[in-house]
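**Student:** Mind having a look at this structure? Questions to follow.
Residue numbers (our numbering): 3 to 209.
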């Protein structure tokens, strides 16, 4: 899987590739799908959600340009796999998941594997986690209609957020947001497809 990420997708961050090699993806997929754990596909998990394709996990992590000292906010921690990758390459991860069943399953798996640099919360991720702000980086693993304002406000000056943004709930563009002292700048990294970002500052707030 890692060589495919390196050679086919041109993932170049060795720290990201090392994390993808070290974290056991099979531990985060349902028992019936473990044979597919290292294929380059998204897979269904509890709550009607998905564990992202390995490429998109690597790509989003690489776009954050983490060096190992950062405090990272993750929105939509889902299975916990992306959380584990972030916790391997960053100093501290703050993981927010809105579905209790997923939050509990992910925490149990991550604790069993041995991660101790993750804080967990079951809540509306579009509000961020203000008590621990500002964050050096953010990764949003669900597609929203726009960039949630609370998240930008909780991002450190110079910090980066990677988030899927789209005008419908089925397809998005992968966007990197960099906060500046005057506001924020955005870069587009192509199409992607994520489950919808549900919450006050996501699709729920657009009804």
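Quick reminder that beta carbons are idealized off the backbone N, C-alpha and C, glycines included.
Where do the ends of the beta strand (DSSP E) carrying residue 140 lie?
**Tutor:** Residues 137-142.
**Student:** Quick one: grab the DSSP three-state call for residue 43.
**Tutor:** In this structure, residue 43 counts as coil in the three-state DSSP scheme.
**Student:** Below 8 Å on the Cβ atoms is my guess for residue 148 versus residue 107; work out the distance and round it to an integer in Å.
**Tutor:** Not quite, the Cβ-Cβ distance comes to about 30 Å (not below 8 Å), so this is no contact.
**Student:** Among 21, 18, 53 and 23, which residue has its Cα nearest to the Cα of residue 1?
**Tutor:** Nothing about residue 1 can be reported from this structure: the residues present for the chain run from 3 to 209 only.
**Student:** Residues in the same chain with beta-carbon distance under 6 Å from residue 115, minus the five sequence neighbours each way, listed in chain order, please.
**Tutor:** There are no such residues.
**Student:** Would residue 79 and residue 97 be called neighbours here (beta carbons separated by less than 8 Å)?
**Tutor:** Going by C-beta atoms, residue 79 is nearer than 8 Å to residue 97.
**Student:** Would a check of beta-carbon distances place residue 14 closer than 8 Å to chain B?
**Tutor:** Included in the structure is just one protein chain, with no chain B present.
**Student:** Which whole-angstrom value describes the C-beta separation of residue 105 and residue 122, a residue pair presumed to lie in contact below a C-beta threshold of 8 Å?
**Tutor:** About 6 Å; that satisfies the 8 Å criterion.
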